[in-house]
Amino acid sequence: MRVFNCDHCGHLVFFDSVQCLHCGNALAFLPDALVMAALAPAPQQGPGLWQRVGPGGGGALYRMCQNHTEHQACNFAVPAGDAQALCPSCRQTRSMPDVSEPAHMGRWMQIESAKRRLFYSLARLGLEPAPGRSGPVFDLLAEEPGGPPVLTGHHNGTITLNVAEADDDERARRRIALGEPYRTLIGHLRHESGHFYWDQLVRDGGWLDGFRQRFGDERQDYAAALEAHYAKGNDGGDWATNHVSAYAAAHPWEDWAETWAHYLHMIDLLETSASYATEVTVPGIYGAQHSRAVDPFGSPAPDFDSMLRHLVPLTLLLNSLTRSLGQLDAYPFALAEQALAKLRFVHDVVRAAGQQPAAPAATAATLPQAPAPVAPSVIKKIAKK
């Protein structure tokens, strides 16, 4: 994620900022323009309206997302003429826990924050709104005493997430129990979005033959494959020679989703690095190797090899810094050649899709109004990822 500057005073601000600490102006992220903007109340223009005050804003009018005005839970704004009360990210949430319970409120806010980051990355890649439809729908659900377990997964355009994953202690417990090196909210959302975009871009986008050549035949029994994976455990087999993670070896669909998530990790890391104009020098006995930041959204767009050349030294630096603080590696991955080839395939699919015209933004009428039935053959266990 890049850093931003207040477009009123130029002070450094961030994607989650709601106020510039230098000039005091209110801030909101504008998903229609993908910029952070300074806003001033404009009640004379209409109730609840805000006006851009930066030199490049032209005095455009916006409304804060309803989740901001009611819960202080979002920092996106929508154009004044938009009929939707919610921003494009929040309106994708179809079901949410009872936020009158404080614990659920905190979990929901954390998940929505991660969702906005996912929305930003996908929008920058030209994938949000999703080609041909309104985008994924999210059911953010809490388990109730005596009720059925909430299973994290994707089915027919709906991403379900157990809100317990927003609890650091619960997420860490599951990560340790499963022997996973990495488990985060943004990782969950990126992974599940991969299943959504597999339907959109691979199955329906002309890439199915190439996918099967690279990832395998997804028509193999999914439920049986997952059952075998969980019976074997994450340490079984030689998954590291061909996959980005142990879970990716379970089934071609999961291989794609894990690789897709990893591609979004890579894009976000590189954009952050470019935002800070990072230069990394890796010392060596045969001379130092120098690497300069590569902006994945630069013009002209960098090729995959250029991005990879900066990712490797960047992650070496990142892990060295976290170890200096006594923390686990922030990037606990070592990618073999076959895994990199799959990442390249995802890159090619994304670049091709991002050049297509975007679909119209979602409206309330286009979103499903009731949870879709979840077939056992396409659901994931709550323990996964």
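For the sequence shown, UniProt numbering gives the first residue as 1, with consecutive numbering after it.
Backbone N, C-alpha and C fix where the C-beta goes; we use that ideal spot for every residue, glycine too.
Whose C-beta lies closer than 8 Å to the C-beta of residue i among residues of the same chain, with five residues either side of it excluded?
i, result
"Arg351", "Ala301"
"Gln355", "Gly126"
"Pro43", "Leu49"
"Asp217", "Pro252"
"Arg212", "Glu218, Pro252"
"Ala249", "His229, Gly237, Trp239, Asn242, His243, Asp255"
"Thr323", "Looking at the sequence shown, residue 323 is not Thr but Arg. Here the set comprises Asp329."
"Leu270", "Ala293, Val294, Asp295, Pro296, Met307, His310, Leu311, Leu314"
What does DSSP give as the partner residues of residue i in its beta bridges?
i, result
"Met64", "Ala77"
"Gln51", "Ala40, Leu61"
"Val282", "Gln289"
"Gln92", "Per DSSP, none; premise fails for Gln92."
"Leu5", "Note that residue 5 is Asn in the sequence shown, not Leu. Answer by DSSP bridge pairing, in chain order: Leu12."
"Phe29", "Met36, Phe76"
"Gln355", "Note: Gln355 sits in no beta bridge, so no partner."
"Gln84", "For Gln84, which the question treats as bridged, DSSP gives no partner whatsoever."
"Gln110", "Paired residues: none, contrary to the question."
"Gln19", "Ala26"
Only counting the same chain, and skipping five residues up and downstream in sequence, which positions put a Cβ closer than 7 Å to that of residue i?
i, result
"Ser95", "Asp139, Leu140, Leu141, Pro371"
"Leu185", "Gln110, Ile111, Ala114, Glu165, Ala166"
"Asp303", "none"
"His68", "Cys74, Asn75"
Hey, how far is the Cα of residue i from the Cα of residue j?
i, j, result
"Glu279", "Leu311", "11 Å"
"Thr363", "Leu317", "Below a pLDDT of 50, predicted positions are generally treated as unreliable, and Thr363, at 33, falls in that range; the measurement from the model is reported next regardless. In a straight line, the C-alpha of Thr363 is about 43 Å away from that of Leu317."
"Gly46", "Leu61", "10 Å"
"Trp198", "Arg124", "18 Å"
"His71", "Met1", "24 Å"
"Ala257", "Pro296", "20 Å"
"Glu143", "Val150", "6 Å"
"Val99", "Thr93", "14 Å"
"Asp81", "Arg63", "Residue 81 is actually Gly in this sequence, not Asp. Cα to Cα, Gly81 sits roughly 9 Å from Arg63."
"Ala103", "Asn162", "13 Å"
"Leu325", "Gly210", "43 Å"
"Thr272", "His195", "25 Å"
"Thr315", "Phe29", "28 Å"
"Asp24", "Leu12", "The sequence given here has Gly at residue 24, not Asp. For Gly24 and Leu12, the distance between alpha carbons rounds to 13 Å."
"Arg91", "Gly298", "29 Å"
"Pro79", "Asp32", "8 Å"
"Gln51", "Ala37", "10 Å"
"Gly284", "Asp329", "21 Å"
"Leu201", "Ala353", "7 Å"
"Pro313", "Ala334", "12 Å"
"Val346", "Trp108", "30 Å"
"Gly57", "Ala77", "14 Å"
"Met266", "Arg190", "12 Å"
"residue 387", "Leu208", "Any question about residue 387 goes unanswered here, given that the chain covers just 1 to 385."
"Asp305", "Phe14", "29 Å"
"Asp221", "Asp204", "21 Å"
"Gln369", "Ala225", "In this predicted model, Gln369 has a pLDDT of only 34, less than 50, meaning its place in the structure is not dependable; the value taken from the coordinates is given anyway. If I take the Cα positions, the gap works out to 32 Å."
"Pro145", "Glu101", "15 Å"
"Pro148", "Gln289", "54 Å"
"Gly10", "Gln19", "13 Å"
"Tyr247", "Tyr286", "38 Å"
Determine the closest residue to residue i out of the options, with distance taken between C-alpha atoms.
i, options, result
"Pro164", "Gly106, Met266, Gly56, Ala261", "The amino acid at residue 164 is misidentified as Pro; the sequence shows Ala. Taking only the C-alpha atoms, the option nearest Ala164 is Gly106."
"Asn156", "Val137, Arg173, Ala166, Glu144", "Val137"
"Ser275", "Thr281, Tyr263, Ala293, Ala261", "Ala293"
"Gln338", "Thr241, Thr272, Gln327, Trp207", "Thr241"
"Phe215", "Asp16, Phe333, His243, Met36", "His243"
"Ala261", "Cys90, Thr281, Ala33, Arg344", "Arg344"
"Ser320", "Ser306, Val282, Ala288", "Val282"
"Tyr331", "Gly284, Gly206, Pro181", "Pro181"
"Thr259", "Asp268, Ser245, Leu270", "Ser245"
"His188", "Thr152, Ala334, Gln220, Leu208", "Thr152"
"Pro41", "Val35, Tyr286, Gly59, Leu34", "Gly59"
"Val349", "Gly206, Ala288, Pro97, Met307", "Gly206"
"Arg116", "Cys6, Gly10, Cys65, Asp168", "Cys65"
"Leu122", "Leu264, Tyr286, Ala336, Gln327", "Leu264"
"Leu34", "Ser291, Leu118, Asp169", "Leu118"
If I measure Cβ to Cβ from residue i and keep anything under 6 Å in the same chain, skipping five residues before and after, which residues do I get?
i, result
"Ala341", "none"
"Tyr120", "none"
"Arg183", "Arg171, Arg175"
"Leu21", "none"
"Glu192", "His154, Ile159"
"Pro357", "Low confidence applies to Pro357: its pLDDT is 44, below 50, so where it sits in the model is not reliable enough to give any reading."
"Ser17", "Leu27"
"His8", "Cys23, Asn25, Ala38, Val53, Gly54"
"Lys232", "none"
"Phe4", "Val13, Met36"
Is there at least one Cβ from chain C nearer than 8 Å to residue i's Cβ?
i, result
"Pro41", "Absence of chain C from the displayed structure is noted, only one protein chain being present."
Could you check whether the Cβ of residue i sits closer than 7 Å to any heavy atom belonging to the ligand SAH?
i, result
"Pro97", "Because no ligand of any kind appears in the structure shown, any question about the ligand SAH cannot be addressed here."
Exercise. Mind pulling the beta strand (DSSP E) runs of 3 or more residues that sit fully within the segment 301 to 344?
Worked result: None, since the segment 301 to 344 contains no complete beta strand (DSSP E) of that length.
For this session: Pick out the complete beta strand (DSSP E) segments inside the segment 138 to 220, 3 residues or longer, and give them in chain order.
Result: Correct list: 153 to 155, 158 to 162.
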